[in-house]
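Student: Here the sequence shown is numbered in this note's numbering, starting from -5 and rising by one per residue.
Got a structure for you, questions after.
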Amino acid sequence: NTALQLALAWFIDEGHLATHLRTLRQVGGERRDALRASCARHLPPWARLGPIDSGFHACIHLPPDLSDRAVVRTVRESGVLAISLSSGCIDQEHGNGLVIGFGAFDALTIDRSLAVIGRALKAAVRSESGLHQRAGEKR
């Protein structure tokens, strides 16, 4: 469509695209910083935040003996959206974690969501420990 192409050319020539991208980089950096701080504050030390140098999604890697799908169910019941990493992996041995998006949320929402995730992870470990203890296993 010629009109669309002309509008896009004008948008770029006038510097609006560059301004928009600068804003996205600044806001994205602030939200990544908020995510890192919230993970440090709320997640147990064995839940490892993957690299997030760019983009608006992150992965929280979990120990192999903790079901990411069970954690996702618990987190979703509390109103936080997460996706199990294993649901998208052929080799589930190397893909156990939570995929979360943070680009559309402010620092307070990110922090509240990570608090929910942190509580779900700690509860899942307590639950797993109880199951193993009842079965007579040592962990």
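Beta carbons are placed, not taken as given, at the ideal position from N, Cα and C, and that holds for glycine.
Starting from the C-beta of residue 116, find all residues in its chain whose C-beta is less than 8 Å away, skip the five residues before and the five after it, and write them out in chain order.
Tutor: In the sequence shown, the residue the question calls residue 116 occupies position 122. Answer for residue 116: 38, listed in chain order.
Student: Let me make sure I understand the geometry here. Which of -1, -5, -3 and 27 has the alpha-carbon closest to that of residue 99?
Tutor: Position 105 of the sequence shown, counted from the first residue, corresponds to residue 99. Residue 27 is the option with its Cα nearest to residue 99.
Student: Give the DSSP bridge partners of residue 101, in chain order.
Tutor: By one-based count along the sequence shown, residue 101 stands at place 107. According to DSSP, which records beta bridges pairwise, residue 101 is partnered with nothing at all.
Student: Compare the Cα-Cα distances from residue 110 to each of 11, 92 and 22 and report the closest residue.
Tutor: Here residue 110 corresponds to residue number 116 of the sequence shown, with the count starting at 1. Nearest option by C-alpha distance: 92.
Student: Within 10 angstroms of the Cβ of residue 2, are there 16 or more other Cβ atoms? Answer buried if so, exposed if not.
Tutor: For this step, residue 2 is matched to residue 8 along the sequence shown. With fewer than 16 Cβ atoms within 10 Å of its Cβ, residue 2 is classed as exposed.
Student: Taking just the CA atoms, how far does residue 24 sit from residue 60?
Tutor: Here residue 60 refers to the residue found at position 66 of the sequence shown. Here residue 24 refers to the residue found at position 30 of the sequence shown. When rounded, the distance between both Cα atoms is 31 Å.
Student: Three-state secondary structure (DSSP) at residue 77?
Tutor: Counted from its first residue, the sequence shown places residue 77 at position 83. Reduced to three states, the DSSP call for residue 77 is strand.
Student: Leaving out five residues on either side along the sequence, give the residues of the same chain with a beta carbon under 7 Å from the beta carbon of residue 5.
Tutor: As a position in the sequence shown, residue 5 is number 11, starting the count at 1. Once the five neighbours on either side are set aside, the close Cβ partners of residue 5 are 11.
Student: Distance, Cα to Cα, residue 14 vs residue 95?
Tutor: Here the question's residue 14 lines up with position 20 in the sequence shown. Here the question's residue 95 lines up with position 101 in the sequence shown. Approximately 20 Å between the Cα atoms of the pair.
Student: Here's a check: name, in chain order, each residue in its chain whose Cβ is nearer than 6 Å to the Cβ of residue 105, leaving out the five neighbours to either side.
Tutor: Position 111 of the sequence shown, counted from the first residue, corresponds to residue 105. 32.
Student: Please state the DSSP three-state secondary structure of residue 33.
Tutor: In the sequence shown, the residue the question calls residue 33 occupies position 39. Helix at residue 33.
Student: Is residue 69 closer than 8 Å to residue 77 when the C-beta atoms are compared?
Tutor: In the sequence shown, counting from the first residue as 1, residue 77 sits at position 83. In the sequence shown, counting from the first residue as 1, residue 69 sits at position 75. Not a contact, by the Cβ cut-off of 8 Å.
Student: Quick one: complete beta strand (DSSP E) runs, 3+ long, within the stretch -2 to 60?
Tutor: Within the stretch -2 to 60, the complete beta strand (DSSP E) runs of at least 3 residues are 51 to 55.
Student: Give me the Cα-Cα distance between residue 46 and residue 71, rounded to the nearest whole angstrom.
Tutor: For the purposes of this step, residue 46 is taken as residue 52 along the sequence shown, with counting starting at 1. For the purposes of this step, residue 71 is taken as residue 77 along the sequence shown, with counting starting at 1. Rounded to the nearest angstrom, the two C-alpha atoms are 26 Å apart.
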